[in-house]
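Asks: Structure incoming, see below.
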Amino acid sequence: MCKMTLGGHPYHTSEIYDGKSSDDGSNSYLESLREMGEALLAEKDSPLAAFGEIGLDYVYLDRADKPTQQRAFRDELGLATKLQLPLFLHVRESTDDFISIIKPYLPQLPRRGLVHSFAGSKDEMLKLVELGLDISVNGISFRMEEQLEMVKNIPLERLQLETDAPWCEILSTDPKIEPYLAAARSLPPSRKPNKFILEQMVKTRNESCTMERVGLVVAGLKGATIDQIAEAAWNNSYRMFW
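Residue numbers for the sequence shown follow full-length UniProt numbering, beginning at 1 and rising by one.
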């Protein structure tokens, strides 16, 4: 089953305020998001699962500066409260500002949200979990010892898994995580994009079929079985998005 999200990524938030406005003076970008969200939610078996990816990213400030990102985050959170969707969230090098902005909106968002592709510290993760948010990890979350400690301490009831394909691949030869991948099944062959064959991977691109490996690393770090991790992640995802 394919689902989708709807929102303005932090990298592109400057596009929200490009000077265009609707006849009534409202922001045309945000108004379009609202109209699209309402239309999708009105469909039978709506494909719209969450509002996002929204949040803050202070690494790529050349794409959108802090004031613009913060303004957009507030505006989009306000829109999310109207649509009553769970949030699909992005936070990088910005945890304190992220928390101060999102906290007042959470009482109006009972389904809370998912901080996806999280690669911060244990302390940052615990602050986000304290707000009632879930944490999702992938290959980018396994690069440094500090991140491994963070993953180890994610409460099972707040854990979700992802690949973030086509990015954030697992570095399977990294000695920090290689032992956890001993039981991993072989991946399909990979080919260059111009020689693509169905059911094979595209060379140099992360693919959804690597999800098992994400689960194995998390299981190894937490001292759990892959079945325990898979069941927890499935239940948490189902609770939030279905």
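Glycine residues also receive a C-beta, built at the ideal position from the N, C-alpha and C atoms.
The model shown is predicted, which means the values in this text are computed figures rather than measured ones.
Within this structure, are the beta carbons of Q160 and A219 separated by less than 8 angstroms?
Replies: no
Asks: Between F196 and I170, what straight-line distance do the alpha-carbon atoms span, to the nearest angstrom?
Replies: 22 angstroms
Asks: With a Cβ-Cβ cutoff of 8 angstroms, do F88 and E124 count as a contact?
Replies: Taking 8 angstroms as the Cβ cut-off, F88 and E124 do not qualify as a contacting pair.
Asks: Count the other CB atoms, across all protein chains shown, that sit within 10 Å of the CB of G55; report buried if there are 16 or more and exposed otherwise.
Replies: The residue in question, G55, is buried, as its Cβ has 16 or more Cβ neighbours within 10 Å.
Asks: So what's E162 in DSSP terms, helix, strand or just coil?
Replies: coil
Asks: In whole angstroms, what is the alpha-carbon distance linking S100 and R74?
Replies: 11 angstroms
Asks: Measure the Cβ-Cβ separation of T68 and T13 and say whether it is below 8 angstroms.
Replies: yes
Asks: Check whether the segment 172-181 touches the segment 203-222, taking contact to mean three or more Cβ pairs, one atom from each stretch, closer than 8 angstroms.
Replies: yes
Asks: Between S94 and D65, which are expected to be in contact by the criterion C-beta below 8 angstroms, what is the C-beta distance as a whole number of angstroms?
Replies: Incorrect: roughly 12 angstroms between the Cβ atoms, too far for contact.
Asks: State the Cα-Cα distance for the pair E15 and H9, rounded to the nearest angstrom.
Replies: 10 angstroms
Asks: Hey, how far is the Cα of R158 from the Cα of L131?
Replies: 11 angstroms
Asks: Whole angstroms are fine: how far does the CA of E38 sit from the CA of H116?
Replies: 24 angstroms
Asks: For residue 251, which residues from the same chain have a beta carbon less than 6 angstroms from its beta carbon, with the 5 sequence-adjacent residues on both sides left out?
Replies: Since the first residue of the chain shown is 1 and the last is 242, residue 251 is not available in this structure.
Asks: How many angstroms separate the CA atom of M240 from the CA atom of R92?
Replies: 22 angstroms
Asks: Run through DSSP, which three-state label would A49 get?
Replies: strand
Asks: Quick one: grab the DSSP three-state call for H12.
Replies: helix
Asks: Expressed to the nearest angstrom, what Euclidean distance is found between the alpha-carbon atoms of R63 and L133?
Replies: 26 angstroms
Asks: Express the C-alpha separation of M211 and N194 in angstroms, rounding to a whole number.
Replies: Looking at the two C-alpha atoms, the distance is approximately 25 angstroms.
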